[in-house]
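Residues -17 to 84, numbered by the numbering used here, are exactly what the sequence shown covers, in order. Glycine included, each C-beta is placed from N, C-alpha and C at the ideal position.
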Amino acid sequence: MKLQLTKITKQKVEVDVEFPIYREQDLSSEYCLSVRYTRIDENLRAVHIYITGTNEVEIEIEKHYNFDDSSMDYLLGRGAYRSSKKEFESALEQAKGIINSI
-17 MKLQLTKITK
-7 QKVEVDVEFP
3 IYREQDLSSE
13 YCLSVRYTRI
23 DENLRAVHIY
33 ITGTNEVEIE
43 IEKHYNFDDS
53 SMDYLLGRGA
63 YRSSKKEFES
73 ALEQAKGIIN
83 SI
């Protein structure tokens, strides 16, 4: 028996990118709400803000972001991962508020 299957292959491509890249990723589960906001600048510095629920925050700073083999939409903040400067700054203000409440 022969089946027709879809084979997905990865290949390196060169794309034009406008910086900064803003990305939002919903990491929520049935147990908790969690969203990660990311900003990557032209020097490939990345700031990731994780906000969980209403009172937990984690901030991660990368001095050199590595573009791995994730989907192009994820890497470039497109489609379901699209975000904006306004959303990132709002997440940053929310993170500051959580930190200042300690």
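About 18 Å separates the beta carbon of isoleucine 33 from that of alanine 62, a gap too long to meet the 8 Å contact definition.
Contact between isoleucine 81 and valine 39 holds: CB atoms are separated by about 7 Å, below the 8 Å threshold. Here the C-alpha atom of isoleucine -10 lies approximately 31 Å from the C-alpha atom of valine 29. For asparagine 37 and aspartate 51, the gap between their C-alpha atoms comes out near 32 Å.
Close CB contacts of isoleucine 41 within its chain, under the 8 Å cut and outside five residues either way in sequence, are with Val29, His30, Ile31, Tyr32 and Ala77 (chain order).
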